[in-house]
Amino acid sequence: MSTSDKYIDAFVEAFELEDRKEAEVLEYQSIENWDSVGHMTLISELEDAFDISMETDDIVEFSSFLVGKEILKKYDIAV
Amino acid sequence: MKSEYSLFQGLSNYSDKIALRDLDGNAVSYLDLANFADKLKTQFAEIAPLEDSNVNKRALTILVCRNDISSISLYIALIRNHLPVMLLHESISDDFLSSIIHRFKPGYVLTTKESQHKPNNLRDQGEIYNHRILAPKDQTVTDIHPELALLLTTSGSTGSTKFVRLSYKNLHTNTVDISTGLGVENEHNTITTMPMSYTYGLSIINTHVFNGGTILASDASIVSKEFFNALEDFKISSFGGVPFTYETLIKLKFWKKLPESVEYLTQAGGKLKEKAFKSIVEQCGERDIRFFSMYGQTEATARMSILDHALSEEKSGSIGKPIGSGRFLLLNEQEEAIYAANQKGTLYYIGDNACLGYAENHQDLAKPDANQGCLNTGDIAYYDEDGFYYIVGREKRFVKVNGHRVSLDEIETLLSSMGLESAVLGEDDNIKIFVADENAQQAQLKELSQATKIPSRVFSLKTQDHIPRLKSGKVDYKALASVP
């Protein structure tokens, strides 16, 4: 599976999305499921998928699908 | 007669000390708050009468709120002026707001500019602070009990129109007792971490304003950079959270980012998992932070008991002892009082913070005190040899989701109105929907999630051949609970 697919999968799993296309426009609190609990679920999905452990600063700055891509670069993951 | 109790009478004593701040740099002093309360009274009176010469007739104000200076100032001004107020979170839909207005016949409706609510049949009467003032065309005062101060929703999420009636005495007693129990002082700075329309969030506002502390009004999420920056920049001394707040903060390894200004933390809104509780107690111990685990409900204004921070290790899992002048009483199945340690019974609370009762429409606002200082908490509990109480179960059919009470019966009613007959069971943060209908779809859960604002991950759909029922025809929840 491509890195990009894995990245989208994490959003689909964490927020129970029905359509993968929904993921790309998501921002924190833009849907009911992306609340603080959903946020932590997303982070664990990403940590598992890419075998990384994210820093607190990166977790709290992870505010959208697009911002997340930038943050993952720090962990040498190009989405 | 006007109530002799007044929570915010002493605002001017704290003179130009800052009461409220926000992240945009706005600040409001205690004197400003006192002046604002006077201004509100004048401005309202110009629109319509606030009360009749007969003091049992007053105008109810519905305050649609968010955690900002405007909402908190308006709440304080209304309580200070002995004007009864209902708090509703700004996420409320226009339809729901309209139905509440229809039922409660308020004199004034204050909506946030951001939310742009447009309930039916109301006239725009200008603005006050960051709120719009709306008033019905035929606005009039209604019969309202002179002690009635505040209406809070029992479960905002299911669209229930049932509100808890709280008195000036309830607010005053509970605020004094909580302040003493936690040691809230005027140099304390807190940050809002929960909606002010939620009893726990509101009690933090009450105790800080009562004692001359400073509140940073913010809607910043606990998983945002803004929140952690605010803790540091505003030298926050304390904040509160429900179990999921702390479970999230632990995952975030937030201890590393907690500034030295933090003196104490509070937790309520359900029971923390043992592992999380231990981890917090340990980390707080190392950092000299006092950690208070508390127990309460809206019907008790906010708090009923506090577990003293010094005993959190020794009495882990306990809800502590009743606060201030309150006391607990355990009754067995024959409704006899239990006076022995380690015996389970239904937990009752007796104290001046026990609410007046419920209200579902404006007629209920005139009703006298239905509880006379005594509440059935709906929880099953026991006390140990040292008099510390422990909750072991729940009699009533509700669960907590993110610390907020959700009635399982109301979920059933809501699903039924969506055309899905179900039996609903659950535990905190996990609601199981049993259906015999094979056509039940995940899509209906999505609709339920949108209607209740409860994340769909909390719901799980279980298809059964049939729903077990008692001879009376009622759902046999016990049998259902044993379904794997």
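Residue numbers (the numbering used here), protein chains in the order written: chain A, 1 to 79; chain B, 1 to 484.
Every residue gets a Cβ at the ideal spot worked out from N, C-alpha and C, and that includes glycine.
Computed from a predicted model, the values in this text were never measured in an experiment.
Between residue i and chain A, is the shortest Cβ-Cβ distance under 7 Å, so that the two count as touching?
i                     : result
residue 244 (chain B) : yes
residue 455 (chain B) : yes
residue 223 (chain B) : yes
residue 253 (chain B) : yes
residue 449 (chain B) : yes
residue 257 (chain B) : yes
residue 248 (chain B) : yes
Where does residue i fall in DSSP's three states?
i                     : result
residue 145 (chain B) : coil
residue 387 (chain B) : coil
residue 281 (chain B) : helix
residue 267 (chain B) : strand
residue 20 (chain A)  : helix
residue 135 (chain B) : strand
residue 86 (chain B)  : strand
residue 395 (chain B) : coil
residue 54 (chain A)  : coil
residue 251 (chain B) : helix
residue 258 (chain B) : coil
residue 6 (chain A)   : helix
residue 354 (chain B) : coil
residue 378 (chain B) : strand
residue 41 (chain A)  : helix
residue 127 (chain B) : strand
Using alpha carbons as the reference points, say which of the options lies closest to residue i.
i                     : options                    : result
residue 109 (chain B) : B:187, B:92, B:94, B:132   : B:132
residue 347 (chain B) : B:142, B:336, B:381, B:368 : B:381
residue 362 (chain B) : B:60, B:45, B:48           : B:60
residue 195 (chain B) : B:394, B:240, B:24, B:427  : B:240
residue 486 (chain B) : B:65, B:106, B:39          : Within the shown structure, residues of chain B are numbered from 1 to 484, placing residue 486 (chain B) beyond reach of any answer.
residue 70 (chain B)  : B:113, B:51, B:50          : B:113
residue 395 (chain B) : B:321, B:404, B:387, B:378 : B:378
residue 102 (chain B) : B:138, B:89, B:129         : B:138
residue 357 (chain B) : B:299, B:175, B:130        : B:299
residue 95 (chain B)  : B:118, B:77, B:84, B:104   : B:118
residue 26 (chain B)  : B:73, B:150, B:52, B:276   : B:73
residue 387 (chain B) : B:315, B:215, B:450        : B:315
residue 104 (chain B) : B:62, B:450, B:29          : B:62
residue 270 (chain B) : B:439, B:468, B:297, B:67  : B:297
So, are the CB atoms of residue i and residue j less than 7 Å apart?
i                     : j                     : result
residue 353 (chain B) : residue 180 (chain B) : no
residue 54 (chain A)  : residue 251 (chain B) : no
residue 389 (chain B) : residue 338 (chain B) : no
residue 81 (chain B)  : residue 143 (chain B) : no
residue 309 (chain B) : residue 287 (chain B) : no
residue 32 (chain B)  : residue 217 (chain B) : no
residue 60 (chain A)  : residue 225 (chain B) : yes
residue 87 (chain B)  : residue 160 (chain B) : no
residue 47 (chain B)  : residue 125 (chain B) : yes
residue 436 (chain B) : residue 385 (chain B) : no
residue 8 (chain A)   : residue 23 (chain A)  : yes
residue 345 (chain B) : residue 332 (chain B) : yes
residue 175 (chain B) : residue 7 (chain B)   : yes
residue 458 (chain B) : residue 401 (chain B) : yes
residue 425 (chain B) : residue 479 (chain B) : no
residue 294 (chain B) : residue 280 (chain B) : no
residue 77 (chain B)  : residue 199 (chain B) : no
residue 292 (chain B) : residue 202 (chain B) : no
residue 423 (chain B) : residue 483 (chain B) : no
Strictly under 7 Å for the Cβ-Cβ distance: is residue i near chain B by that measure?
i                    : result
residue 36 (chain A) : yes
residue 1 (chain A)  : no
residue 60 (chain A) : yes
residue 47 (chain A) : no
residue 70 (chain A) : no
residue 22 (chain A) : no
residue 27 (chain A) : no
residue 54 (chain A) : no
residue 32 (chain A) : yes
residue 16 (chain A) : yes
Inset, instruction - With a floor of 3 residues, list each beta strand (DSSP E) that falls wholly inside the region 174-230 of chain B, ordered by position along the chain. - result: 189-191, 214-217
Legend entry - alpha helix (DSSP H) runs wholly inside the region 418-478 of chain B, at least 4 long, in chain order: 442-452
Legend entry - Within the region 296-347 of chain B, ranges of the beta strand (DSSP E) (whole runs, at least 3 residues): 303-307, 327-331
Inset, instruction - Only counting runs of 3 or more residues, tell me where the beta strand (DSSP E) segments fall wholly within the region 9-81 of chain B, in order along the chain. - result: 18-22, 27-29, 61-65
Inset, instruction - Would you list, in sequence order, the uninterrupted beta strand (DSSP E) runs of no fewer than 3 residues that lie entirely inside the region 89-120 of chain B? - result: 108-112
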